[in-house]
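*Asks:* The following block contains the structure, expressed as structure tokens.
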Amino acid sequence: MAILEIEGRKFDVDGDGFLSDPYIWDDDVASLIAKSDGIDSMNEKHWSIVNIIRKHWEEKGMAPMVRTICQESGIRLREIYELFPLGPARGACRVAGLPKPDGCV
Amino acid sequence: MEKLTDEKIQKGLEVLRREVGSKLLTHVNSCVHCGLCAESCVYYNVEPNEHFVPAKKVDIVSSVYRRYYSTTGKFIPWLTGARKLDDATIEEMVDLLYGSCTMCGRCNKHCSVGVDIEYLVRTGRAMLAEMGYVPETLQKTVDAAINTGNNMGISTEDFVDTLKWLEEELQFEVEDDNAIIPLDEKGKDIMYTLNPREPKFFPLSISAMAKVFYAAGESWTLSTKMYDVTNYAYFSGNLEEGQLIAQRMVDEMKSLKANRCILAECGHGTRSFRWEAPNYLEQGFSFEVETSVELLAEYIREGRIKVDPEKNQEIVTLHDPCNLTRSGGILEEQRYILSKCVKNFVEMTPKGTDNLCCGGGGGQLSMSEYNERRMRISGLKADQIRKTEASVVATPCHNCVDQLIQTNAAYKLNVKIKTLAEIVADAIVLDNENEENIS
Ligand code: SF4
Ligand code: SF4
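Chains as they are written, first to last, in this note's numbering: chain A, 1 to 105; chain B, 1001 to 1439.
Okay, structure coming up:
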């Protein structure tokens, strides 16, 4: 457990900076986490990706495949990596307030 | 930390008992405390604190061994520095063996008397695993593999949908509807494997390899049942779980009746299956096991695929994964591939079997508990990369790729991280391409 402080707000996070309590998440929290990753302001595409991930996690309990993100958002794969330089897991899923996925990510 | 019981202690000691009389005896009794290993370790380098001297790991395992398995250690513990397996010892073991080691094996290479330090780390981890002290996050990754067949818990349906999607993209790219990604086909020459992070989040390397197979006219398949090349039980130290995962791969090779098992770019996956599995399964393979790195080199060498270095103009450097290169001896193949596929290749220093770990090995990537240390040691790799002035870092290991993606962001390197398959796929010249492209 660690504390992540962004612009004066403090969050309980795991060692990798993923929210310890995914349910405190809202749009403001998402924007702040994105900022801590160097995404100063989230554009429409960022939001679209984050909302798809969040919805999927709320319904199925896990992060969606990147295929689902591409197909539902209409954003091409390579662009997803440009929008979230840390990738869909450590980048987008963290902004979406999910717990860290298992495996080599 | 969970309470230590007599039963747990016995389980831990049983691991040492299994090893008694073997290699263990030599390695617990050889350290001459010269301290030479200190400088070789990434942890010690970023924080020159005695806690991070590799010999400290040798010492803790050896002192427990002496306490229970040497006469002097049993009766006059202080004389030999013998240590009881108690809560304090366990706590220190967990921090030293899981929390301060990427199992990179660089210290082994630098030890003045040849102590297999990494083997002692693994033995210590095996003890802790038997006693139930595997860090939670690491165990979760092993559990996912055991319970779902892959370490990210991907359902078969999601897996198949992703591969069908990639197949369509491939057909579009090569402009040929016969370009396919075969699933569960029996009697093919090759059964290819993947790191689950590829289908889940980073599928460009699957597309790349599928394009290479297409260009080579290979007879290959993927299994939808057992495609996971990783074995995190190798990191946690749990022998039975490691066996179970490796056995599944052997069984799937047999059920699909393939001749060659090609391991995706994954350092520990290669090590745990190709080199360790015959030991822990106590049987040799009845099929060939090779890495995709060797296969890619073979395709180029034998002219089965045509590549053009002009297609990769950026400056590329190479990170050698510890398990593949230092431990596995795969050293020349990746250099041969790059010499044929990129225009500007520069080595980093040190390199090859002396390369520094990226920081993500030994299961560190999955252990959030030690994240801060992991990102601190990655600063060494960041410096190495920066000095090459490269804009692309190639590495044949998905574990390293992930660590390098984070290093890239954390240290603002502004580079791209690629697998070898991606670099080869970018350099491929397909038969239907304009001959003018080949210079
Ligand atoms: S294996 Fe690598 S990380 Fe572990 S002690 Fe040796 S040099 Fe350090
Ligand atoms: S280099 Fe080898 S002998 Fe010297 S302190 Fe390290 S482990 Fe012991």
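Note that CB positions come from ideal geometry on N, CA and C, so glycine has one too.
If you measure between the beta carbons of V1415 (chain B) and I1385 (chain B), is that distance less than 8 Å?
*Replies:* The residue you call residue 1415 (chain B) lines up with position 415 of the second sequence. The residue you call residue 1385 (chain B) lines up with position 385 of the second sequence. Their beta carbons are under 8 Å apart, which means V1415 (chain B) touches I1385 (chain B) by this criterion.
*Asks:* If you measure from each CB to the nearest heavy atom of ligand 1 and keep those under 5 Å, what residues do you get, in chain order?
*Replies:* Checking every Cβ against the heavy atoms of ligand 1 under 5 Å gives B:C1041, B:P1054, B:C1101, B:T1102, B:C1104, B:R1106, B:C1107, B:E1118.
*Asks:* Mind checking which residues open and close the alpha helix (DSSP H) that includes D1426 (chain B)?
*Replies:* Counting from 1 along the second sequence, the entry for residue 1426 (chain B) is found at position 426. Unbroken alpha helix (DSSP H) run through D1426 (chain B): 1420-1427.
*Asks:* Over what stretch of residues does the beta strand (DSSP E) that includes D12 (chain A) continue unbroken?
*Replies:* Taking the first residue of the first sequence as 1, we reach residue 12 (chain A) at position 12. Looking at the DSSP string, the run of the beta strand (DSSP E) that includes D12 (chain A) is 9-13.
*Asks:* What are the residues of the segment 1404-1422 of chain B that lie near chain A, defined by any Cβ-Cβ distance shorter than 7 Å?
*Replies:* Residues passing the 7 Å Cβ filter: I1405, Q1406, A1409.
*Asks:* Chain A beta carbons: is any one of them nearer than 8 Å to that of A1129 (chain B)?
*Replies:* The residue given as residue 1129 (chain B) occupies position 129 in the second sequence. So no, A1129 (chain B) is outside the interface.
*Asks:* Within the continuous beta strand (DSSP E) that includes M1191 (chain B), where are the two ends?
*Replies:* Within the second sequence, the letter at position 191 stands for residue 1191 (chain B). Its beta strand (DSSP E) spans residues 1190-1192.
*Asks:* Going along the chain, which residues of the segment 1365-1398 of chain B sit with their C-beta nearer than 8 Å to a C-beta in chain A?
*Replies:* Listed by position along the chain: L1365, S1366, M1367, S1368, E1369, Y1370, N1371, E1372, H1398.
*Asks:* The alpha helix (DSSP H) that contains C70 (chain A), what's its start and end?
*Replies:* For this step, residue 70 (chain A) is matched to residue 70 along the first sequence. Its alpha helix (DSSP H) spans residues 66-73.
*Asks:* Going along chain B, which residues have a C-beta under 8 Å from D16 (chain A)?
*Replies:* The sequence position of residue 16 (chain A) within the first sequence is 16, counting from 1. What D16 (chain A) touches in chain B: S1368, N1371.
*Asks:* Could you give the distance in angstroms between the alpha-carbon of D1383 (chain B) and the alpha-carbon of V1134 (chain B)?
*Replies:* Along the second sequence, read from residue 1 onward, the residue named residue 1383 (chain B) stands at position 383. Along the second sequence, read from residue 1 onward, the residue named residue 1134 (chain B) stands at position 134. Approximately 32 Å, taken between the alpha carbons.
*Asks:* Is the distance from the Cβ of N1323 (chain B) to the Cβ of H1268 (chain B) below 8 Å?
*Replies:* On the second sequence, position 323 is the one that residue 1323 (chain B) refers to. On the second sequence, position 268 is the one that residue 1268 (chain B) refers to. Against a cut-off of 8 Å, the Cβ pair of H1268 (chain B) and N1323 (chain B) comes out as a contact.
*Asks:* In angstroms, rounded to a whole number, what distance separates the CA positions of S1439 (chain B) and D1308 (chain B)?
*Replies:* Position 439 of the second sequence holds residue 1439 (chain B). Position 308 of the second sequence holds residue 1308 (chain B). In this prediction, S1439 (chain B) has a pLDDT of 42, which is less than 50 and means its spatial position is unreliable; nothing more can be read from the coordinates.
*Asks:* Could you tell me which of B:E1218, B:L1256, B:C1261, B:L1281 sits nearest to I1245 (chain B), measuring between CA atoms?
*Replies:* Here residue 1245 (chain B) refers to the residue found at position 245 when the second sequence is read from its first residue. Checked all of B:E1218, B:L1256, B:C1261, B:L1281; the closest Cα to I1245 (chain B) is B:L1281.
*Asks:* List the residues that DSSP assigns as beta-bridge partners of D1228 (chain B).
*Replies:* The sequence position of residue 1228 (chain B) within the second sequence is 228, counting from 1. Per DSSP, B:L1194.
*Asks:* With R1260 (chain B) and I1190 (chain B) assumed to form a contact (beta carbons below 8 Å), what rounded beta-carbon distance in angstroms separates them?
*Replies:* Here residue 1260 (chain B) is taken as the residue at index 260 of the second sequence, counted from 1. Here residue 1190 (chain B) is taken as the residue at index 190 of the second sequence, counted from 1. Contact flag correct, Cβ pair sits at about 5 Å.
*Asks:* Does the structure place the segment 1400-1416 of chain B close enough to the segment 1326-1338 of chain B that three or more beta carbon pairs sit under 8 Å?
*Replies:* Verdict: no, contact absent.
*Asks:* Do three or more CB pairs link the segment 1205-1220 of chain B to the segment 1173-1183 of chain B at distances below 8 Å?
*Replies:* Yes: the two stretches touch, three or more of their Cβ pairs being nearer than 8 Å.
*Asks:* In chain A, what lies closer than 8 Å to P1321 (chain B) by C-beta?
*Replies:* Here residue 1321 (chain B) corresponds to residue number 321 of the second sequence, with the count starting at 1. Going along chain A, no residue has its Cβ under 8 Å from P1321 (chain B), so there is no contact; the nearest lies around 12 Å.
*Asks:* Strictly under 8 Å for the Cβ-Cβ distance: is F1273 (chain B) near chain A by that measure?
*Replies:* For the purposes of this step, residue 1273 (chain B) is identified with residue 273 of the second sequence, where counting begins at 1. Answer no: the Cβ-Cβ gap between F1273 (chain B) and chain A never drops below 8 Å.
*Asks:* Taking only three categories from DSSP, how would you classify I1438 (chain B)?
*Replies:* Locating residue 1438 (chain B) in the second sequence gives position 438, where the first residue counts as 1. Note that I1438 (chain B) scores 45 on pLDDT, short of 50, meaning its location in the model is unreliable and no value can be drawn from it.
*Asks:* Return the chain-ordered ranges of every beta strand (DSSP E) run that is complete within the segment 1319-1354 of chain B and spans a minimum of 3 residues.
*Replies:* Listed in chain order, they are 1344-1346.
*Asks:* Hey, is V1113 (chain B) close to ligand 2, as in C-beta under 7 Å from one of its heavy atoms?
*Replies:* What you label residue 1113 (chain B) is simply residue 113 of the second sequence in a count that begins at 1. Yes, the Cβ of V1113 (chain B) comes within 7 Å of a heavy atom of ligand 2.
*Asks:* Given that A1144 (chain B) touches chain A, what residues does it touch there, using C-beta distances under 8 Å?
*Replies:* Position 144 of the second sequence, counted from the start, is the residue given in the question as residue 1144 (chain B). Neighbours of A1144 (chain B) on chain A, chain order: D102, G103.
*Asks:* Does the pairing of the segment 1004-1017 of chain B with the segment 1118-1136 of chain B give three or more beta-carbon distances under 8 Å?
*Replies:* With a cut-off of 8 Å, the segment 1118-1136 of chain B and the segment 1004-1017 of chain B count as touching, because enough Cβ pairs lie within range.
*Asks:* Just to confirm, is the Cβ distance from V1160 (chain B) to H1027 (chain B) under 8 Å?
*Replies:* Position 160 of the second sequence, counting from 1, holds the residue named residue 1160 (chain B). Position 27 of the second sequence, counting from 1, holds the residue named residue 1027 (chain B). Their beta carbons are not under 8 Å apart, which means V1160 (chain B) does not touch H1027 (chain B) by this criterion.
*Asks:* Would you say M42 (chain A) faces chain B, with C-beta separation under 8 Å as the test?
*Replies:* The residue labelled residue 42 (chain A) in the question sits at position 42 within the first sequence. It does not: the Cβ of M42 (chain A) has no partner Cβ on chain B nearer than 8 Å.
*Asks:* From N1437 (chain B) to Q1406 (chain B), what distance separates their C-alpha atoms?
*Replies:* The residue labelled residue 1437 (chain B) in the question sits at position 437 within the second sequence. The residue labelled residue 1406 (chain B) in the question sits at position 406 within the second sequence. Reliability fails at N1437 (chain B), whose pLDDT of 46 lies under 50, so the model's placement of it is uncertain and no value is given.
*Asks:* For ligand 2, is there a heavy atom less than 7 Å away from the beta-carbon of H1027 (chain B)?
*Replies:* The residue given as residue 1027 (chain B) occupies position 27 in the second sequence. Not under cutoff, so the answer is no.
*Asks:* Considering only the beta carbon of each residue, do I1154 (chain B) and P1203 (chain B) sit closer than 8 Å?
*Replies:* Counted from its first residue, the second sequence places residue 1154 (chain B) at position 154. Counted from its first residue, the second sequence places residue 1203 (chain B) at position 203. No; because the gap between Cβ atoms is not below 8 Å, this pair is not in contact.
*Asks:* Taking 8 Å as the threshold (beta carbon to beta carbon), is D1426 (chain B) in contact with chain A?
*Replies:* The sequence position of residue 1426 (chain B) within the second sequence is 426, counting from 1. It does not: the Cβ of D1426 (chain B) has no partner Cβ on chain A nearer than 8 Å.
*Asks:* Leaving out five residues on either side along the sequence, give the residues of the same chain with a beta carbon under 6 Å from the beta carbon of R1066 (chain B).
*Replies:* Working through the second sequence from its first residue, we reach residue 1066 (chain B) at position 66. Answer for R1066 (chain B): G1073, T1080, A1082, listed in chain order.
*Asks:* CB of G1379 (chain B) to nearest heavy atom of ligand 2: below 7 Å?
*Replies:* In the second sequence, the residue the question calls residue 1379 (chain B) occupies position 379. Checking the Cβ of G1379 (chain B) against ligand 2 gives no.
*Asks:* Taking 8 Å as the CB-CB cut-off, is G1359 (chain B) touching chain A?
*Replies:* As a first step, residue 1359 (chain B) is located in the second sequence; it is residue number 359 there, counting from the start. Closer than 8 Å: no.
*Asks:* Would V1229 (chain B) and L1263 (chain B) be called neighbours here (beta carbons separated by less than 8 Å)?
*Replies:* For the purposes of this step, residue 1229 (chain B) is identified with residue 229 of the second sequence, where counting begins at 1. For the purposes of this step, residue 1263 (chain B) is identified with residue 263 of the second sequence, where counting begins at 1. Closer than 8 Å, so yes.
*Asks:* Tell me the rounded alpha-carbon separation between H56 (chain A) and M62 (chain A).
*Replies:* Counting from one through the first sequence, the residue named residue 56 (chain A) turns up at place 56. Counting from one through the first sequence, the residue named residue 62 (chain A) turns up at place 62. Cα to Cα, the separation comes out at about 7 Å.
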